[in-house]
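The structure appears right after this line, and notes come after that.
Numbering (our numbering), first residue to last: -10 to 169.
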């Protein structure tokens, strides 16, 4: 199971593009509302989450994803269940992925310590002891996948597909959506 955490103020592109690409690849992804079932993104687009945070079952967890958006990141930090789920995933060697300002939440939890990572330009001071890779759209280091921004959401989504389904499936999805 893959869970995508959606808190009020999440960056819509950073959630929807990876979600779409993962589902095209046949990955079962469940969106999780941190602030109820209907979550408004940073640009006022309302998304109906599949479940609310209290309904998560981490027993079959493969990956957990945190889109950015300053509001969404603040919503995650304010939700102890979300923070616990991220830490549980990392401690149990599951994939943990975040994009934009999202990797700073992972840094708060010590997940990025000593790991190669990227984040939204200007958020580097919140990355603790991560080894920052400049000018990268996406950085994968073992089970940690980080992305830079909304403009890198497709590359981030394809990296998630590759992590779960392999490079051939990521290439197939990239061809399907006609990346040029």
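Here a beta-carbon is modelled for each residue, glycine too, at the ideal position from N, C-alpha and C.
{"Item": "Along the alpha helix (DSSP H) that carries residue 163, what are the first and last residues, could you check?", "Value": "156 to 165"}
{"Item": "Could you tell me which residues DSSP pairs with residue 55 in its beta bridges?", "Value": "87"}
{"Item": "Can you give, in chain order, each stretch of the alpha helix (DSSP H) that sits fully within the stretch 94 to 147 and has at least 4 residues?", "Value": "none"}
{"Item": "Name the DSSP bridge partner or partners of residue -7?", "Value": "20, 54"}
{"Item": "Specify the secondary structure class of residue 42 as computed by DSSP and reduced to three states.", "Value": "helix"}
{"Item": "Candidates 45, 99, 0, 52: which alpha carbon is nearest residue 64's?", "Value": "0"}
{"Item": "Where does residue 35 sit, in a helix, a strand or coil, going by DSSP?", "Value": "strand"}
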